[in-house]
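Colleague: Line by line, the protein sequences are chains A and B. Heads up: the first sequence begins at 573 in this note's numbering, then just goes up one per residue. Heads up: the second sequence begins at 267 in this note's numbering, then just goes up one per residue. Ideal Cβ placement from N, Cα and C applies to all residues, glycine included. Next up is a structure, given as structure tokens.
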Amino acid sequence: MNNNIAIKLTNISKKYVLRHEKPTLVENIFRFRKKEEIWALKDINLGIKKGEKFGIVGDNGSGKTTLLKIISGITVPTEGRVEITGRVAALINLEAGFHPELTGEENIFLNGMLLGMSKKEIKNKFKKIIRFSGLENFIDTPFYTYSSGMALRLGFSIAVHSDPDILLIDEILAVGDQEFQQKSFQKMQDFFKKGKTIIFISHYLPTVVKLCPKTAWLEEGKLKSLDVSKKVISQYLKS
Amino acid sequence: MLKKASNFKHFWELLFVFTQKEIKARYKNAVLGFLWLFINPLLQMVIIGFVFSLIFRFGIKNYYLFLFTGLLPWNFFSLSLNKTTTSLVFERNLIQKSSLRREVLVLSIIFSNLFHLTIAYALFFIFLFFIGQHQIFNLLNFALFLGNLFFLLLFTIGTSMITSSLNVFWRDIAFFTQALLLIWFYATPVLYPLSFIPQQYSSFFYLNPLSGIFTSLQRAIVGDGSFPLPILFIQFLFITLVFIFGLCLFRNRNKYFADWL
Numbered sequence: 573m574n575n576n577i578a579i580k581l582t583n584i585s586k587k588y589v590l591r592h593e594k595p596t597l598v599e600n601i602f603r604f605r606k607k608e609e610i611w612a613l614k615d616i617n618l619g620i621k622k623g624e625k626f627g628i629v630g631d632n633g634s635g636k637t638t639l640l641k642i643i644s645g646i647t648v649p650t651e652g653r654v655e656i657t658g659r660v661a662a663l664i665n666l667e668a669g670f671h672p673e674l675t676g677e678e679n680i681f682l683n684g685m686l687l688g689m690s691k692k693e694i695k696n697k698f699k700k701i702i703r704f705s706g707l708e709n710f711i712d713t714p715f716y717t718y719s720s721g722m723a724l725r726l727g728f729s730i731a732v733h734s735d736p737d738i739l740l741i742d743e744i745l746a747v748g749d750q751e752f753q754q755k756s757f758q759k760m761q762d763f764f765k766k767g768k769t770i771i772f773i774s775h776y777l778p779t780v781v782k783l784c785p786k787t788a789w790l791e792e793g794k795l796k797s798l799d800v801s802k803k804v805i806s807q808y809l810k811s
Numbered sequence: 267m268l269k270k271a272s273n274f275k276h277f278w279e280l281l282f283v284f285t286q287k288e289i290k291a292r293y294k295n296a297v298l299g300f301l302w303l304f305i306n307p308l309l310q311m312v313i314i315g316f317v318f319s320l321i322f323r324f325g326i327k328n329y330y331l332f333l334f335t336g337l338l339p340w341n342f343f344s345l346s347l348n349k350t351t352t353s354l355v356f357e358r359n360l361i362q363k364s365s366l367r368r369e370v371l372v373l374s375i376i377f378s379n380l381f382h383l384t385i386a387y388a389l390f391f392i393f394l395f396f397i398g399q400h401q402i403f404n405l406l407n408f409a410l411f412l413g414n415l416f417f418l419l420l421f422t423i424g425t426s427m428i429t430s431s432l433n434v435f436w437r438d439i440a441f442f443t444q445a446l447l448l449i450w451f452y453a454t455p456v457l458y459p460l461s462f463i464p465q466q467y468s469s470f471f472y473l474n475p476l477s478g479i480f481t482s483l484q485r486a487i488v489g490d491g492s493f494p495l496p497i498l499f500i501q502f503l504f505i506t507l508v509f510i511f512g513l514c515l516f517r518n519r520n521k522y523f524a525d526w527l
């Protein structure tokens, strides 16, 4: 694999089986139900270079999130090959790793490790994470006392401090209040400047054009177009 | 190579933090906090001791000690298996949103229960020391105790890996497990010693991979019971196979967890 490539997807397809009820063993033995299958992704080929900022656009249900899940290793493709170099952090759901009964501090460790940081790394960045989140006064209270805005701020702060090589962003630039939004937008721009590989999924098309030189357009699981962002977006808008 | 080593380290660090979470979350916001770690087993010891030494009297000397010896590891096994079986479904949020090693979710429950078992046994041994039952403080017996506990741990991990991963695909596995545990409890020498079983049925009990462990634990701690060594080794071998099979099955199914939850 070329050293300059951060993400390489070869002929990726992902099939989902649609289930209307909870799957059970008993049902499996006694009844055969016809399976409904859906191809969430079909024959996707993508190569993303190190340091590249890459946009993905498409309607709801076009397979964008499935693609992110495959790149971040949450699920595997039904067919095809995935090659990734470097640590991936997905800003998909910032609160998934939090436990309500534990304090903010304890949750920083929990969530930070889920993002691939070592304990030592977290200890070193501990103060920074708290300061960026702006939750100094609440950090030793249990997480269930946090408002949803506070939870997102902490999650965002941990994620951006995890220092990933590849950052997957799924539409979360608007976190918290005005001040925090500005701070996080600043941080994002730092990321974009720093030469990190970034995949950016968004419905804010002007932002995509501004931040990402290249964009892919997904439609019904297929790669409809891949080109310079301006071109792709104008095609997408016409459709 | 370096990456592999750091992945391995990260796995254990993560497991440690998750186990800590399991233990802490249970006692957080309780007034007595970590004291409950000791109060629960002590209370159980007092109640069992009272009920079975004053009210019920079987033909066994110090029946409550005997009972306690088996009840502790049984609780460990059944609580672990019950909780791990549904653990992946409960943590579906984490599984769908993060690429963590999913083994951690199952193992952290088992290790937190192991932590509780260790405390309970330690209290039990202190009690045994004070009442003059010094059986377990013999090096050989203690080795027997540790060895059997180790295989109990392997078996718990193996079966938990199997039931938890299958429960993702068939949600009724949890009900089967619960029913099975109920039967298993009476089929395992916890309430009674294996020596109470008539000779002609004993081969049936040898099929239960836990019978050797429980009899050996009772032998090491209260000094009753004997178990044929060759069969114990066959059971250990079987347990090791279950352990390996469980890990392989889990790893194999792991890829599809996110799609089924």
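Relative to the C-alpha of THR351/B, which residue among PHE451/B, MET427/B, PHE470/B, VAL456/B is closest?
Modeller: When each option's Cα is compared against that of THR351/B, the closest is MET427/B.
Colleague: Quick check on DSSP: helix, strand or coil for MET267/B?
Modeller: In this prediction, MET267/B scores a pLDDT of 47, lower than 50, which makes its location untrustworthy; the coordinate-derived value is nonetheless stated afterwards. Looking at MET267/B - three-state DSSP - the assignment turns out to be coil, as it is neither helix nor strand.
Colleague: Taking the beta carbon of ASN683/A as the centre, do at least 16 other beta carbons fall within 10 Å, making it buried, or is it exposed?
Modeller: Per the 10 Å Cβ criterion, buried.
Colleague: Roughly how many angstroms lie between the CA atoms of ASN433/B and LEU347/B, to the nearest whole one?
Modeller: So the alpha carbons of these two residues sit roughly 12 Å apart.
Colleague: Within 9 Å of any Cβ in chain B, is that where the Cβ of HIS671/A sits?
Modeller: Closer than 9 Å: yes.
Colleague: Are LYS794/A and ASP615/A touching if we call contact CB-CB under 9 Å?
Modeller: Cβ distance < 9 Å, so LYS794/A and ASP615/A count as in contact.
Colleague: Which chain A residues sit within Cβ distance under 7 Å of ILE439/B?
Modeller: Result: LEU597.
Colleague: Examine chain B for any beta-carbon lying closer than 9 Å to the beta-carbon of ALA578/A, and answer yes or no.
Modeller: By this cut-off, ALA578/A is not an interface position.
Colleague: How long is the line joining the alpha carbons of THR717/A and HIS671/A, rounded to whole angstroms?
Modeller: Taking the straight line from one Cα to the other gives about 12 Å.
Colleague: Out of curiosity, what's the CA-to-CA distance linking MET689/A and ILE771/A?
Modeller: MET689/A and ILE771/A: Cα-Cα distance of roughly 20 Å.
Colleague: Against GLN362/B, what residues of chain A qualify as contacts under a CB-to-CB distance less than 7 Å, listed in chain order?
Modeller: In chain order: ILE646.
Colleague: For the region 268-284 of chain B, enumerate the residues whose C-beta is nearer than 8 Å to any C-beta of chain A, in chain order.
Modeller: Under the 8 Å Cβ criterion, the region 268-284 of chain B contributes SER272, LYS275, HIS276, GLU279, LEU280, VAL283, PHE284.
Colleague: Consider the C-beta atom of ILE500/B and the heavy atoms of the ligand GTP; say whether any pair is separated by less than 8 Å.
Modeller: You won't find the ligand GTP in this model; it holds no ligand whatsoever.
Colleague: Say whether the region 400-409 of chain B touches the region 484-495 of chain B, bearing in mind that this needs 3 or more beta-carbon pairs closer than 8 Å, one atom from each stretch.
Modeller: Contact holds: three or more Cβ-Cβ distances are below 8 Å.
Colleague: Could you tell me the alpha carbon to alpha carbon distance between PHE451/B and TRP340/B, rounded to whole angstroms?
Modeller: The straight-line gap from Cα to Cα measures roughly 8 Å.
Colleague: In angstroms with no decimal places, state the Cα-to-Cα distance between GLN754/A and GLY706/A.
Modeller: If you take the alpha carbons of GLN754/A and GLY706/A, they lie about 13 Å apart.
Colleague: Whole angstroms is fine: what's the gap from PHE698/A's alpha carbon to ILE628/A's?
Modeller: Going from the Cα of PHE698/A to the Cα of ILE628/A covers about 33 Å.
Colleague: Please report the straight-line C-alpha distance between MET267/B and ASN273/B, rounded to a whole angstrom.
Modeller: The predicted model places MET267/B with a pLDDT of 47, which falls under 50 and marks its position as unreliable; any figure quoted below should be read in that light. Taking the straight line from one Cα to the other gives about 10 Å.
Colleague: Residues in its own chain within less than 8 Å of ASP712/A by CB, not counting five upstream and five downstream?
Modeller: So the qualifying residues of the chain are THR675, GLY676, GLU677.
Colleague: Excluding sequence positions up to five away, which residues of its chain have a Cβ less than 6 Å from the Cβ of LYS622/A?
Modeller: So the qualifying residues of the chain are ASN576, ALA578, THR769.
Colleague: Within a Cβ cutoff of 6 Å, which residues of the same chain sit near PHE284/B, ignoring the five residues on either side of it in sequence?
Modeller: Cβ neighbours of PHE284/B beyond the five flanking positions: VAL370, SER374.
Colleague: Quick one: grab the DSSP three-state call for ILE628/A.
Modeller: Three-state DSSP puts ILE628/A in a strand.
Colleague: Quick check on DSSP: helix, strand or coil for LYS641/A?
Modeller: Residue state, collapsed to three classes: helix.
Colleague: Counting only the same chain and skipping the five closest in sequence on each side, list residues whose C-beta sits under 6 Å from that of LYS586/A.
Modeller: Result list for LYS586/A: ALA612, LEU613, THR638, PRO649, THR650, in chain order.
Colleague: Thinking C-beta only, is MET685/A closer than 9 Å to GLU279/B?
Modeller: Yes, they are a contact pair.
Colleague: According to the neighbour-count rule (16 or more other Cβ atoms, all chains shown, within 10 Å of its Cβ), is HIS400/B buried or exposed?
Modeller: It counts as exposed.
Colleague: Between the Cα of ASN474/B and the Cα atoms of LEU345/B, GLN501/B, PRO459/B, which residue gives the shortest distance?
Modeller: The shortest C-alpha separation from ASN474/B is found at GLN501/B.
Colleague: Please list, in chain order, all residues of the same chain as PHE421/B whose beta carbon is under 8 Å from its beta carbon, the five residues on each side excluded.
Modeller: Closer than 8 Å at the Cβ level, and outside the excluded window around PHE421/B, lie PHE343, PRO475, LEU476, ILE479, ILE505, VAL508, PHE509.
Colleague: Please confirm if PHE381/B has its CB atom under 9 Å from at least one CB of chain A.
Modeller: No - not a single Cβ of chain A is within 9 Å of the one on PHE381/B.
Colleague: Identify which residue in LEU783/A, ILE610/A, TYR588/A has its Cα closest to the Cα of THR536/A.
Modeller: Chain A is shown only over 573 to 811; residue 536/A falls outside these bounds and no answer can be derived.
Colleague: Return the residue from the list PHE416/B, LEU418/B, TYR387/B, PHE417/B that minimises the CA-CA distance to PHE403/B.
Modeller: Among PHE416/B, LEU418/B, TYR387/B, PHE417/B, the Cα nearest to that of PHE403/B is on TYR387/B.
Colleague: With DSSP run on the structure shown, which of helix, strand or coil describes LEU668/A?
Modeller: Going by the sequence as given, residue 668/A is Ala instead of Leu. ALA668/A: coil per DSSP, three-state reduction.
Colleague: Could you give the residue range of the beta strand (DSSP E) that holds GLY478/B?
Modeller: Here GLY478/B belongs to no beta strand (DSSP E); instead the alpha helix (DSSP H) covers 477-487.
Colleague: Mapping the DSSP letters down to three states, classify ILE620/A as helix, strand or coil.
Modeller: Three-state DSSP puts ILE620/A in a strand.
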